[in-house]
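J.: Next up is a structure, given as structure tokens.
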Amino acid sequence: MTANLLDTIRAACGDMKFQVGRDSLGAARISVVAEEALALLQRLQEAPETSMRRLIDITAIDRGTGVGRFEIVYWLHSPALNERLRIHVVADSDREPDRERPMVDSVCLIWPSANWLEREVFDLFGIEFRGHPDLRRILLEPGFEGAPLRKDYPRQPHLALPKEAQE
Amino acid sequence: MKFGLEGASDSSLSEALGFSETVVEVGLTHPGVRRVMAPAGGTVSFLVSLDDERITDLEVEIGLGHRGFEKEVEAVPWHRAFPYVARLGYAGGLMAEVGFCLAVEALGEVALPDRAIWLRMLGSEVARISDHFARLTAVSAAIGLRSAEGVAQQGESIAAGLLHCVMGGGPFAGWVRLGGVARPLPEDFGLRWKAARKDIEAILERFSLVSVDNPSCQKRLRGVAVLSAQECVSWGVTGPSIRAAGTPFDVRRDAPYLAYGSVDFDIPIGETGDNFDRLLVIVEEIRQSLRIIDQCQRLLASLGPGAIRLSLPGWCEVENTGEPAGETLVLDGLRIGPGEVASSVESSTGELGFFLVSDGEILPRRIRCRGPSFLHAQAMPAMLRGTHLDDLLPTAALLHLVSGECDR
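Sequences listed follow chains A and B, in order.
Sequential numbering from 25 applies to the first sequence in the working numbering.
Sequential numbering from 474 applies to the second sequence in the working numbering.
Structure below.
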């Protein structure tokens with residue numbers, strides 16, 4: 025079933041640059057560079073062959089170090105084909121100004137449900153979404169500083185403070 | 474934050490009468506919110522823009538129950554995530570534990586013993602019944618049907634008792650373990666199930682009489698908070714709400730896990746996607762869960778006693794060495810992967826997904842929980858614009874926004 029899906033994707037998006045593969049468990053997985061991601065996602069959603077009409081989830085991974093540290097993961101579902109697919113996009117690069125400010129294009133216009141999911145990634149990972157209509161914190165309070173799901177954010181920041189400051 | 478009178482209304486009638494648009498906060502301390510949302514944790518707050526009683530806009534404020542779930546579970550070995558995973562729901566936390574275990578077990582590429590598969594299914598369905606009755610209780614309270622509320626509450630307590638009997642403890646008993654379950658069914662489960670099943674069927678009959686067939690219930694719920702099948706897909710709404718809109722989407726059928734592919738059950742669907750259809754779907758889903766439990770119970774009885782967990786090092790071990798015998802102290806934790814896995818279960822609220830990334834180290838690289846309530850909360854303004862203030866809490870009750878998986 026997955027093999028067919030990969031062929032379908034290659035046929036529907038043949039003119040685009042991306043890598044199709046499977047994860048260690050055999051699930052379909054696509055890697056694409058940030059510049060091409062929006063066009064590919066739009067095609068996957070719109071093309072009748074793939075019709076990835078439902079965005080299951082958007083999240084990020086912090087790989088820890090180096091360029092390519094932040095990866096955005098889109099998890100899509102095609103109700104018509106009953107197939108699921110993950111798209112991995114690297115959100116940072118060594119080019120200015122992206123080096124310190126990981127950023128990808130917002131997919132809110134493709135899937136309305138992306139609005140809060142992107143806000144959550146912005147809130148917890150500090151990754152920005154270009155073109156998002158209302159990019160602000162969602163789970164944490166507005167004045168919160170930092171991106172707690174980054175691996176360099178301490179798990180219990182209050183314990184890292186000097187003793188006097190804890191009281 | 475906006476309170477009190479705010480801006481001018483676009484309705485000329487209201488203007489002529491001297492009314493203007495009002496923004497009201499229906500928040501945590503609102504008695505209605507407390508009553509309706511309490512079974513699900515209830516840490517959601519609504520900022521409602523009103524033109525008289527009509528909702529012109531709605532802002533749903535979430536995150537008040539955020540406990541840093543993903544940060545915490547990424548900082549400890551896999552098996553220590555359980556106290557947090559269980560609290561992604563209340564009775565439904567069991568389904569979250571099952572979902573998490575299935576994802577970790579897929580990453581570790583281990584196959585469960587048959588008994589563990591059927592036991593987990595049985596547990597999940599009992600938990601689903603308990604959660605669904607909690608919804609029925611909440612919606613009955615929200616529309617003021619006291620007798621229906623009492624009837625649904627009886628169902629909830631019977632299901633909770635049954636769940637207690639399966640897990641051998643309260644709602645967070647740690648029954649589901651990586652690689653199996655902690656204990657088999659008690660010997661008298663067959664008898665208890667027979668009695669509970671009879672009671673639940675009687676309760677459903679009674680509930681239909683006082684609620685579904687009751688004209689005042691129909692008046693309050695019909696045509697309210699409609700979300701079409703297409704809107705459900707584009708807003709990521711799943712669970713009873715998408716089924717009420719006529720789409721038979723159910724993870725148990727579309728991406729079967731455990732042994733859901735080999736049991737008989739029907740997926741009830743509605744027609745219009747309004748609150749009344751949601752109520753009907755929830756009631757019918759309880760009946761279908763009864764059917765599934767019947768099949769699990771029969772199969773488990775035929776399998777007899779035997780292995781209910783993996784006996785591989787690292788799996789099914791817990792840190793508590795007190796009891797039951799046979800469990801050993803884990804010092805190091807489980808090494809699985811490297812790899813990635815994304816898998817989902819059908820919880821009582823909708824599609825509950827886990828996305829795990831492992832580097833092959835003791836600590837996970839990434840644990841992500843996709844909570845259906847998060848997306849349902851986001852879709853509430855689309856459902857409720859144009860309805861009345863009175864419709865807010867019944868809708869919230871039927872969506873069953875669970876704080877655990879919404880705020881995490």
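Beta carbons are placed, not taken as given, at the ideal position from N, Cα and C, and that holds for glycine.
Using a beta-carbon distance below 8 Å, is residue 51 of chain A in contact with chain B?
T.: Taking the first sequence and counting its residues from 1, one reaches residue 51 of chain A at position 27. Yes - at least one Cβ of chain B is within 8 Å of the one on residue 51 of chain A.
J.: Please report the straight-line C-alpha distance between residue 874 of chain B and residue 881 of chain B, rounded to a whole angstrom.
T.: Residue 874 of chain B sits at position 401 when you count from the first residue of the second sequence. Residue 881 of chain B sits at position 408 when you count from the first residue of the second sequence. Answer to the nearest angstrom: the Cα atoms are 12 Å apart.
J.: According to DSSP, simplified to helix, strand and coil, what is residue 629 of chain B?
T.: If you number the second sequence from 1, residue 629 of chain B lands on position 156. Three-state DSSP puts residue 629 of chain B in a helix.
J.: Beta-carbon of residue 829 of chain B versus every beta-carbon of chain A: anything under 8 Å?
T.: Indexing the second sequence from 1 puts residue 829 of chain B at position 356. No, because no Cβ of chain A sits closer than 8 Å to the Cβ of residue 829 of chain B.
J.: So is residue 720 of chain B buried or exposed if we call it buried at 16+ other beta carbons inside 10 Å?
T.: As a first step, residue 720 of chain B is located in the second sequence; it is residue number 247 there, counting from the start. Buried, because 16 or more other Cβ atoms sit within 10 Å of the Cβ of residue 720 of chain B.
J.: Taking a contact to mean a Cβ-Cβ separation below 8 Å, would you say residue 417 of chain B touches residue 601 of chain B in this structure?
T.: Because chain B spans 474 through 881 in this model, residue 417 of chain B falls outside it and cannot be assessed.
J.: Of all the CB atoms in chain A, is at least one closer than 8 Å to the CB of residue 840 of chain B?
T.: For the purposes of this step, residue 840 of chain B is identified with residue 367 of the second sequence, where counting begins at 1. Output row for residue 840 of chain B: interface = no.
J.: Could you tell me which of B:742, B:531 and B:809 sits nearest to residue 868 of chain B, measuring between CA atoms?
T.: Start at 1 with the first residue of the second sequence, and residue 868 of chain B comes out as number 395. Selected option, being the one with the closest Cα: B:531.
J.: Name, please, each residue of chain B whose Cβ falls closer than 9 Å to the Cβ of residue 48 of chain A.
T.: Position 24 of the first sequence, counted from the first residue, corresponds to residue 48 of chain A. Simply 580, 582, 810, 811, 812, 813 and 814.
J.: Tell me the rounded alpha-carbon separation between residue 509 of chain B and residue 610 of chain B.
T.: Along the second sequence, read from residue 1 onward, the residue named residue 509 of chain B stands at position 36. Along the second sequence, read from residue 1 onward, the residue named residue 610 of chain B stands at position 137. If you take the alpha carbons of residue 509 of chain B and residue 610 of chain B, they lie about 8 Å apart.
J.: Within 8 Å of any Cβ in chain A, is that where the Cβ of residue 718 of chain B sits?
T.: Within the second sequence, the letter at position 245 stands for residue 718 of chain B. Not one chain A Cβ lies under 8 Å of residue 718 of chain B.
J.: Count the C-beta pairs between the region 96-114 of chain A and the region 72-82 of chain A that are closer than 8 Å, then say yes if the count reaches three, no if not.
T.: These segments touch.
J.: For the alpha helix (DSSP H) holding residue 534 of chain B, just list the boundary residues, first then last.
T.: Within the second sequence, numbered from 1, the residue matching residue 534 of chain B stands at position 61. Unbroken run through residue 534 of chain B is the beta strand (DSSP E), 527-534; no alpha helix (DSSP H).
J.: Mapping the DSSP letters down to three states, classify residue 86 of chain A as helix, strand or coil.
T.: Taking the first sequence and counting its residues from 1, one reaches residue 86 of chain A at position 62. It is a strand residue.
J.: According to the neighbour-count rule (16 or more other Cβ atoms, all chains shown, within 10 Å of its Cβ), is residue 1 of chain A buried or exposed?
T.: The question about residue 1 of chain A has no answer, for chain A in this structure spans 25 to 191.
J.: By the criterion of Cβ-Cβ separation under 7 Å, what are the contact partners of residue 172 of chain A in chain B?
T.: As a first step, residue 172 of chain A is located in the first sequence; it is residue number 148 there, counting from the start. What residue 172 of chain A touches in chain B: 541 and 544.
J.: Indicate whether at least one CB of chain B lies closer than 8 Å to the CB of residue 128 of chain A.
T.: Locating residue 128 of chain A in the first sequence gives position 104, where the first residue counts as 1. No, residue 128 of chain A lies away from the interface with chain B (no Cβ there is under 8 Å from its Cβ).
J.: When you compare the CB of residue 79 of chain A with every CB in chain B, is at least one pair closer than 8 Å?
T.: Within the first sequence, residue 79 of chain A is the residue found at index 55, counting from 1. Residue 79 of chain A counts as touching chain B.
J.: Which bits of chain B does residue 139 of chain A rub up against, with CB to CB less than 8 Å?
T.: Reading the first sequence from its first residue, position 115 is the one you call residue 139 of chain A. Result: 851.
J.: Let's see if you can read the secondary structure: which residues bound the alpha helix (DSSP H) around residue 545 of chain B?
T.: Taking the first residue of the second sequence as 1, we reach residue 545 of chain B at position 72. Taken as a continuous stretch (DSSP letters only), the alpha helix (DSSP H) holding residue 545 of chain B covers 542-547.
J.: What does the Cβ neighbour count give for residue 133 of chain A, buried or exposed, with the cut at 16 atoms within 10 Å?
T.: Here residue 133 of chain A corresponds to residue number 109 of the first sequence, with the count starting at 1. Exposed.
J.: Residue 466 of chain B to residue 783 of chain B, Cα distance in whole Å?
T.: Because chain B spans 474 through 881 in this model, residue 466 of chain B falls outside it and cannot be assessed.
J.: May I have the straight-line CA-CA distance separating residue 156 of chain A from residue 54 of chain A, to the nearest angstrom?
T.: Walking along the first sequence from the start, residue 156 of chain A turns up at place 132. Walking along the first sequence from the start, residue 54 of chain A turns up at place 30. In a straight line, the C-alpha of residue 156 of chain A is about 23 Å away from that of residue 54 of chain A.
J.: Alpha carbon to alpha carbon, how far is residue 533 of chain B from residue 853 of chain B? Give it in angstroms, no decimals.
T.: The sequence position of residue 853 of chain B within the second sequence is 380, counting from 1. The sequence position of residue 533 of chain B within the second sequence is 60, counting from 1. Their Cα atoms are separated by approximately 8 Å.
J.: Using CA atoms only, rank isn't needed, just tell me which of B:844, B:685, B:733 and B:661 is closest to residue 565 of chain B.
T.: To locate residue 565 of chain B, count along the second sequence from 1; it is residue 92. Comparing Cα positions, the closest option is B:844.
J.: Taking residue 131 of chain A as the reference, which of A:31, A:29, A:47 and A:69 has the closest Cα?
T.: As a working note, residue 131 of chain A is residue 107 in the first sequence. Comparing Cα-Cα distances from residue 131 of chain A to each of A:31, A:29, A:47 and A:69, the minimum goes to A:69.
J.: Is residue 40 of chain A helix, strand or coil by DSSP?
T.: Within the first sequence, the letter at position 16 stands for residue 40 of chain A. Coil.
J.: Could you check the C-alpha separation between residue 166 of chain A and residue 40 of chain A for me, to the nearest Å?
T.: The residue you call residue 166 of chain A lines up with position 142 of the first sequence. The residue you call residue 40 of chain A lines up with position 16 of the first sequence. Straight-line Cα distance between these residues: approximately 39 Å.
J.: Which of the three DSSP states, helix, strand or coil, is assigned to residue 875 of chain B?
T.: For the purposes of this step, residue 875 of chain B is taken as the residue at position 402 of the second sequence. Strand, per DSSP.
J.: For the beta strand (DSSP E) containing residue 495 of chain B, name the first residue and the last one.
T.: For the purposes of this step, residue 495 of chain B is identified with residue 22 of the second sequence, where counting begins at 1. Start and end: 495-499.
J.: When you compare the CB of residue 106 of chain A with every CB in chain B, is at least one pair closer than 8 Å?
T.: For the purposes of this step, residue 106 of chain A is taken as the residue at position 82 of the first sequence. Output row for residue 106 of chain A: interface = yes.
J.: Please compile the residues from chain A whose C-beta is within a distance smaller than 7 Å of the C-beta of residue 536 of chain B.
T.: In the second sequence, residue 536 of chain B corresponds to position 63, counting from 1. Residues of chain A passing the Cβ test: 162, 163 and 164.
J.: With 8 Å as the threshold, decide whether the Cβ of residue 799 of chain B is near any Cβ in chain A.
T.: One-based indexing of the second sequence puts residue 799 of chain B at position 326. Note on residue 799 of chain B: pLDDT 48, under 50, position unreliable in the model; the coordinate value appears next. No, its Cβ sits nowhere closer than 8 Å to a Cβ of chain A.
J.: Just how far apart, CA to CA, sit residue 599 of chain B and residue 125 of chain A?
T.: Translated into positions along the second sequence, residue 599 of chain B becomes position 126. Translated into positions along the first sequence, residue 125 of chain A becomes position 101. Their backbone Cα atoms lie some 47 Å apart in a straight line.
J.: Is residue 536 of chain B near residue 163 of chain A, with beta carbons less than 8 Å apart?
T.: One-based indexing of the second sequence puts residue 536 of chain B at position 63. One-based indexing of the first sequence puts residue 163 of chain A at position 139. A contact, by the Cβ cut-off of 8 Å.
J.: Quick one: measure Cβ to Cβ for residue 763 of chain B and residue 670 of chain B, integer angstroms, because I've assumed they're closer than 8 Å.
T.: By one-based count along the second sequence, residue 763 of chain B stands at place 290. By one-based count along the second sequence, residue 670 of chain B stands at place 197. At roughly 6 Å, the Cβ-Cβ gap stays under 8 Å, so residue 763 of chain B and residue 670 of chain B are in contact.
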